[in-house]
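Below: one structure, written as structure tokens.
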Amino acid sequence: MATTTKRGSRKSASKPRSFPSKKSPPKQAQTVEALQLELNQSLEREAATCDILRMIARSPTELQPVLDAIAERAAKLCDAADAAVYRVDGNFYRVAAHFGSIPLSRAADEARV
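When the count follows the working numbering, it moves up by one through the sequence shown with no breaks and lands on 114 for the last residue.
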């Protein structure tokens, strides 16, 4: 039985194809800018999560410093003036941690579930 080998064409070496861009340069710049913003936000969330996990590892039996850190990181991630963390206590939500300068009213401190 004879074996055959395939031979390529004798033309010059093939060149890599360049595909034309379907987006105009301004649209590409907008896309790059949007992706950069998304990446930065993801990195901020990851850093905040890392901070919270470090707090938990440092003091696994102390809940209050962790809740305070969660409220602070949540406010910063959301670009908010303040944030509150609530816990369920029976039929009520009670403020467990608060970050920011806006004082909470009694109604906001405790709400029915």
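C-beta: ideal position from N, C-alpha, C; glycine also. A quick note: this is a predicted structure, and the numbers were derived from the prediction, not measured.
- For residue 63, no beta strand (DSSP E) run applies, since DSSP gives it neither H nor E.
- In the DSSP assignment, residue 18 falls outside any beta strand (DSSP E) and carries neither an H nor an E.
- Per DSSP, reduced to three states, the secondary structure at residue 82 is coil, with no helix or strand assignment.
- Take the alpha-carbon of residue 77 and the one of residue 106: they are about 22 Å apart.
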